[in-house]
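*Asks:*
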Amino acid sequence: MAVELTMARMKIALLRHALHGRRAQTAGTGATLGLLCAAATLYLAFTDLDLLAAAYAVWLLGWVLGPIFMGGGDETLRPEYFALLGLPPRRLAGGLLVAAFVGLAPLASLVALGGLVVAGARQGAAAALVAVPAMVLQLAVFVLLSKVAVALVGLAVRTRPGAVASGLLNGALLAGLAQIWVFLVAFEQTGVPAVVYYLPSGWGLLAVQGRWWALAALAALVVLLLAVWAALLGERSGTTRRSGRARRPMTAATANGAIVAKELRTWSRDLVRNHQLTFALAYAACFTTSPLLLGWNGMLPYTGPIFIVMAAAMSANVYGFDGTALWLTLMMPGTSDVRGRQLAWLAAHAPVAIVLAVACTAVTGGPWPLVLALTAALLGGAAGLVPWVSVHLLVPGTDPHRRAGNPLRTSEDDGGLTGLAYLMLVLVILTGAPAALTALLWGWAGVAAGVVSGAACWWWFGLLAERRLRSRGPELLDVMRTGRKPETTVTSRFDRLSRRRKTVAWYCFGFGAIPLVPQGIVAAVFVANDMLRHTWFLATYMPEGLRYPVAGGFMLLGLAMYGAGLWAVRPAATRQDAPDAASDAAARESAPDAPSEAAARQGAPDGS
Numbered sequence: 079m080a081v082e083l084t085m086a087r088m089k090i091a092l093l094r095h096a097l098h099g100r101r102a103q104t105a106g107t108g109a110t111l112g113l114l115c116a117a118a119t120l121y122l123a124f125t126d127l128d129l130l131a132a133a134y135a136v137w138l139l140g141w142v143l144g145p146i147f148m149g150g151g152d153e154t155l156r157p158e159y160f161a162l163l164g165l166p167p168r169r170l171a172g173g174l175l176v177a178a179f180v181g182l183a184p185l186a187s188l189v190a191l192g193g194l195v196v197a198g199a200r201q202g203a204a205a206a207l208v209a210v211p212a213m214v215l216q217l218a219v220f221v222l223l224s225k226v227a228v229a230l231v232g233l234a235v236r237t238r239p240g241a242v243a244s245g246l247l248n249g250a251l252l253a254g255l256a257q258i259w260v261f262l263v264a265f266e267q268t269g270v271p272a273v274v275y276y277l278p279s280g281w282g283l284l285a286v287q288g289r290w291w292a293l294a295a296l297a298a299l300v301v302l303l304l305a306v307w308a309a310l311l312g313e314r315s316g317t318t319r320r321s322g323r324a325r326r327p328m329t330a331a332t333a334n335g336a337i338v339a340k341e342l343r344t345w346s347r348d349l350v351r352n353h354q355l356t357f358a359l360a361y362a363a364c365f366t367t368s369p370l371l372l373g374w375n376g377m378l379p380y381t382g383p384i385f386i387v388m389a390a391a392m393s394a395n396v397y398g399f400d401g402t403a404l405w406l407t408l409m410m411p412g413t414s415d416v417r418g419r420q421l422a423w424l425a426a427h428a429p430v431a432i433v434l435a436v437a438c439t440a441v442t443g444g445p446w447p448l449v450l451a452l453t454a455a456l457l458g459g460a461a462g463l464v465p466w467v468s469v470h471l472l473v474p475g476t477d478p479h480r481r482a483g484n485p486l487r488t489s490e491d492d493g494g495l496t497g498l499a500y501l502m503l504v505l506v507i508l509t510g511a512p513a514a515l516t517a518l519l520w521g522w523a524g525v526a527a528g529v530v531s532g533a534a535c536w537w538w539f540g541l542l543a544e545r546r547l548r549s550r551g552p553e554l555l556d557v558m559r560t561g562r563k564p565e566t567t568v569t570s571r572f573d574r575l576s577r578r579r580k581t582v583a584w585y586c587f588g589f590g591a592i593p594l595v596p597q598g599i600v601a602a603v604f605v606a607n608d609m610l611r612h613t614w615f616l617a618t619y620m621p622e623g624l625r626y627p628v629a630g631g632f633m634l635l636g637l638a639m640y641g642a643g644l645w646a647v648r649p650a651a652t653r654q655d656a657p658d659a660a661s662d663a664a665a666r667e668s669a670p671d672a673p674s675e676a677a678a679r680q681g682a683p684d685g686s
């Protein structure tokens, strides 16, 4: 156990030194969300064991899919770090498994698995005792299935068909999670299927209920997964397949033409971009077709616009994906590849978006003006925003030839990539808002507005990106080469806040939308349409006289949280600005006296 305990201590030391600043705030937010989900799971253990089994299936799905979406999951300790120690694969896998139990995600999962103890206590003392080893084995199954899934995906995506298949699968699964309400409504109509008990996530619950074979099955599955993971660790250092086919030379008459040709070849050959394109396509298609299970096709016409928004979010760090290759552009003074990248992005995505928009709208028969206006506006907005966001908020990436076991892992800053993707989602949607509003008010005039606004966004944001690249190109290259952003002497008011006020502001701004939008506005809409006892919307479960007051109370709570966040930021900034201004004034007043003081010292005799 010496190796295992050493790796666990290494993980603790690395986390202790890494969790500071924004990373600590992000981790704190994630831990809070995880513990809230765990508390909700524990509540199900007191009320409905069928729903508890379904909840554990969702936890297992999150463990398997979450690391894949994040580009490889937690790699605080990598197998490559111990390659020179000569550890046997099973010993290495055992040590990494023990280290994997150290972290916030395993802690939240262990709290959620405490529902097994609650369920056992409801059965009797013997069942409660069985629940303790069942918790540990169930958590080990979660962690090992996650590790095996990531390792298998890392091997599969080393080829183009594997990257495409991974993108299709990940996009479909994420769209299913985003449309989980569809499946919850279907479950309300048909009940929770009994098969959830017989998934590996439900074996612990079966053991607690008296089926002792399930406990032995959990132990056997842990041993099997550990052996599979140990075998996959030995394959991780394999080399990427190289194609021996001859490549046709690129020919272009202009510099922009050469950039377009290079970018289109990158979109067709780079595994990361293959994955991004297919991910956006699968997400859009599955997101809009999921409501068909309930007989509603109202989302189908928006498949094309959703594809554009998701594709822009996936390529928000386009310069970071290329790594230090930016030096090739910087070696030609006064040049920029922004326009070429914009044209190539449109050439790769516009045909797919247009076909999706026209075909899906034709199936439902409309609304043609709104869909066409959104498609035109979003294409131009996305093509303009992709390079602009990338050069302003670049996340340092890994050079393509240095990517490790999972070639789809493009950066070590997963939080930065996620934040950039969410920002791009919001910005691209905003570029389509004027055209959509025009189409809703004046019909076909919205299409013309979409074309004009899309062209304006493409030209204006491209121009800003060009200027930024020409003026700050060397700094961007240094960020990509070193992975460190330059320190700035200009601090925002938020940076001057105390740690307590920062925490209050983060939680208020981060969680204020939950009571305001889903539990407040959306719940009120459901109540107005007599959609009662609807999933997690509390107001729909209230008696008739309390439904609207509860929804209104949640709206007020959300607004109050945003107000508290603003209060935490503004007053502190005002008070802290005053000492800075006073100290600057004092320094200016004392500055003229400094030369005379020095002269007096020089003219005075020794010892005076």
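Under this note's numbering, the first residue of the sequence shown is numbered 79, with each subsequent residue one higher. A virtual CB, placed ideally from N, CA and C, is assigned to each residue, including glycine.
#1: In three-state terms, what does DSSP make of L472?
#2: Can you grab the Cα-Cα spacing for the pair S315 / T402, in whole Å?
#3: Distance check for M388 and W584, CA to CA, integer angstroms please.
#4: Work out the CA separation of L92 and L175 for me, nearest whole Å.
#5: In chain order, what residues of the same chain have a beta carbon less than 6 Å from the beta carbon of W345, not counting five sequence neighbours either side?
#6: Mapping DSSP to helix, strand and coil, what is T329?
#7: In chain order, what residues of the same chain have a beta carbon less than 6 Å from the beta carbon of T119, not counting five sequence neighbours either side?
#8: Taking 8 Å as the threshold (beta carbon to beta carbon), is T154 in contact with chain C?
#9: Might you give, ordered along the chain, the residues of its own chain that have their beta carbon closer than 7 Å to the beta carbon of A390, omitting 5 neighbours on each side?
#10: Could you pull out every unbroken alpha helix (DSSP H) segment of at least 4 residues lying fully inside the stretch 273-306, listed in chain order?
#11: Would you identify the three-state DSSP class for T84, choosing helix, strand or coil?
#12: Return helix, strand or coil for V696, following the three-state DSSP convention.
#13: Going along the chain, which residues of its own chain have a beta-carbon closer than 8 Å to the beta-carbon of A278, five neighbours each way excluded?
#14: Closest to G280 by C-alpha separation, out of A305, L311 and L217, would be which residue?
#15: Buried or exposed: A76, going by 16 or more other Cβ atoms within 10 Å of its Cβ?
#16: How many angstroms separate the CA atom of V180 from the CA atom of A212?
#17: Measure from the alpha carbon of Y640 to the alpha carbon of each residue in C586, V603, L472 and V595, then state which is nearest.
#18: Are M392 and A358 close, meaning C-beta to C-beta below 8 Å?
#19: Within a Cβ cutoff of 8 Å, which residues of the same chain sit near F632, ignoring the five residues on either side of it in sequence?
#20: Under three-state DSSP, which class holds L155?
#21: Hey, could you find the ends of the alpha helix (DSSP H) Q201 is sitting in?
#22: So, using beta-carbon positions, are V605 and A629 closer together than 8 Å?
#23: Rounded to whole angstroms, what is the Cα-Cα separation between I432 and V557?
#24: Rounded to the nearest angstrom, what separates A413 and V469 at their Cα positions?
#25: What's the gap between the Cα of L262 and the Cα of L372?
#26: Can you look up G590 in the DSSP assignment and give me helix, strand or coil?
#27: Just the C-alpha distance for T569 and S576, rounded to the nearest angstrom, thanks.
#28: Just to confirm the assignment, what range does the alpha helix (DSSP H) spanning F604 have?
#29: Measure the C-alpha to C-alpha separation of R64 and G540 and round it to an integer number of angstroms.
#30: Given that a residue counts as buried once 16 or more other Cβ atoms are within 10 Å of its Cβ, and exposed if not, what is V235?
#31: Grab the span of the alpha helix (DSSP H) containing W536 for me, first residue to last.
#32: Would you call the CB atoms of G398 and G475 closer than 8 Å?
#33: Quick one, which of A109, L170 and P145 has its alpha-carbon nearest E82's?
#34: Are the CB atoms of Y361 and V449 within a distance shorter than 8 Å?
#35: Name the two residues that bound the continuous alpha helix (DSSP H) containing A394.
#36: So, using beta-carbon positions, are A177 and A86 closer together than 8 Å?
*Replies:* Reading off the structure:
#1: For the purposes of this step, residue 472 is identified with residue 394 of the sequence shown, where counting begins at 1. It is coil, neither helix nor strand.
#2: In the sequence shown, residue 315 corresponds to position 237, counting from 1. In the sequence shown, residue 402 corresponds to position 324, counting from 1. Note on S315: pLDDT 47, under 50, position unreliable in the model; the coordinate value appears next. Rounded to whole angstroms, S315 to T402 spans 23 Å at the Cα level.
#3: The count along the sequence shown starts at 1 and reaches residue 584 at position 506. The count along the sequence shown starts at 1 and reaches residue 388 at position 310. If you draw a straight line from the Cα of W584 to the Cα of M388, it is about 26 Å long.
#4: Numbered from its first residue, the sequence shown carries residue 175 at position 97. Numbered from its first residue, the sequence shown carries residue 92 at position 14. Taking the CA atoms as reference points, L175 sits about 16 Å from L92.
#5: As a position in the sequence shown, residue 345 is number 267, starting the count at 1. Excluding residues up to 5 positions away in sequence, R351 and A426 lie with their Cβ nearer than 6 Å to the Cβ of W345 in the same chain.
#6: The residue given as residue 329 occupies position 251 in the sequence shown. T329: coil per DSSP, three-state reduction.
#7: One-based indexing of the sequence shown puts residue 119 at position 41. If we look at T119 and ignore the five residues flanking it on each side, its Cβ neighbours are A133, A190 and G193.
#8: This model lacks chain C altogether; it includes just one protein chain.
#9: By one-based count along the sequence shown, residue 390 stands at place 312. Taken in chain order, the residues that qualify are A460, L463, V464, M502 and V506.
#10: List check, alpha helix (DSSP H) in window: 281-286.
#11: Here residue 84 refers to the residue found at position 6 of the sequence shown. Note: T84 maps to helix in three-state DSSP.
#12: The structure shown does not extend to residue 696, since the chain is modelled only from 79 to 686, so the question has no answer here.
#13: Working through the sequence shown from its first residue, we reach residue 278 at position 200. Checking the displayed sequence, the identity of residue 278 turns out to be Pro instead of Ala. Cβ neighbours of P278 beyond the five flanking positions: L138, V219, L223, L296 and L299.
#14: Working through the sequence shown from its first residue, we reach residue 280 at position 202. Closest option to G280, judged by alpha-carbon separation, among A305, L311 and L217: L217.
#15: Residue 76 lies beyond the range of the chain shown here (79 to 686); nothing can be said about it.
#16: Here residue 180 corresponds to residue number 102 of the sequence shown, with the count starting at 1. Here residue 212 corresponds to residue number 134 of the sequence shown, with the count starting at 1. Between V180 and A212, the C-alpha separation is close to 19 Å.
#17: As a position in the sequence shown, residue 640 is number 562, starting the count at 1. Of the candidates C586, V603, L472 and V595, C586 places its Cα closest to the Cα of Y640.
#18: Here residue 392 is taken as the residue at index 314 of the sequence shown, counted from 1. Here residue 358 is taken as the residue at index 280 of the sequence shown, counted from 1. Yes, the Cβ-Cβ distance between M392 and A358 is below 8 Å.
#19: One-based indexing of the sequence shown puts residue 632 at position 554. Cβ neighbours of F632 beyond the five flanking positions: P593, L594, Q597, G598, A601, L616 and A617.
#20: Residue mapping note: residue 155 aligns to position 77 of the sequence shown, counting from 1. Here L155 sits in coil by DSSP.
#21: On the sequence shown, residue 201 is found 123 positions in, with the first residue counted as 1. It spans G193 to Q201 - the alpha helix (DSSP H) in which Q201 sits, taken as one unbroken run.
#22: For the purposes of this step, residue 605 is taken as residue 527 along the sequence shown, with counting starting at 1. For the purposes of this step, residue 629 is taken as residue 551 along the sequence shown, with counting starting at 1. A629 sits close to V605, with the two beta carbons spaced by under 8 Å.
#23: On the sequence shown, residue 432 is found 354 positions in, with the first residue counted as 1. On the sequence shown, residue 557 is found 479 positions in, with the first residue counted as 1. Rounded to the nearest whole angstrom, the CA to CA distance from I432 to V557 is 37 Å.
#24: Taking the sequence shown and counting its residues from 1, one reaches residue 413 at position 335. Taking the sequence shown and counting its residues from 1, one reaches residue 469 at position 391. Ala is not the amino acid found at residue 413; the sequence shown has Thr there. Going from the Cα of T413 to the Cα of V469 covers about 15 Å.
#25: Taking the first residue of the sequence shown as 1, we reach residue 262 at position 184. Taking the first residue of the sequence shown as 1, we reach residue 372 at position 294. Taking the CA atoms as reference points, L262 sits about 11 Å from L372.
#26: Your numbering for residue 590 matches position 512 in the sequence shown. Three-state DSSP puts G590 in coil, outside helix and strand.
#27: In the sequence shown, the residue the question calls residue 569 occupies position 491. In the sequence shown, the residue the question calls residue 576 occupies position 498. The pLDDT assigned to T569 is 47, lower than 50, so where the model puts this residue is not dependable, and the model offers no usable value.
#28: Looking up residue 604 in the sequence shown gives position 526. That run of the alpha helix (DSSP H) goes A601 to A606.
#29: The structure shown does not extend to residue 64, since the chain spans only 79 to 686, so no value can be given for it.
#30: For the purposes of this step, residue 235 is taken as the residue at position 157 of the sequence shown. So V235 counts as buried.
#31: For the purposes of this step, residue 536 is taken as the residue at position 458 of the sequence shown. Where W536 is concerned, the enclosing alpha helix (DSSP H) stretches over A523 to T560.
#32: Within the sequence shown, numbered from 1, the residue matching residue 398 stands at position 320. Within the sequence shown, numbered from 1, the residue matching residue 475 stands at position 397. In contact: G398 and G475 (Cβ atoms closer than 8 Å).
#33: Walking along the sequence shown from the start, residue 82 turns up at place 4. Checked all of A109, L170 and P145; the closest Cα to E82 is L170.
#34: Within the sequence shown, the letter at position 371 stands for residue 449. Within the sequence shown, the letter at position 283 stands for residue 361. Going by beta carbons, V449 and Y361 fall outside the 8 Å limit.
#35: In the sequence shown, the residue the question calls residue 394 occupies position 316. It is not in any alpha helix (DSSP H) - A394 carries neither H nor E in the DSSP assignment.
#36: Locating residue 177 in the sequence shown gives position 99, where the first residue counts as 1. Locating residue 86 in the sequence shown gives position 8, where the first residue counts as 1. Cβ atoms of A177 and A86: closer than 8 Å.
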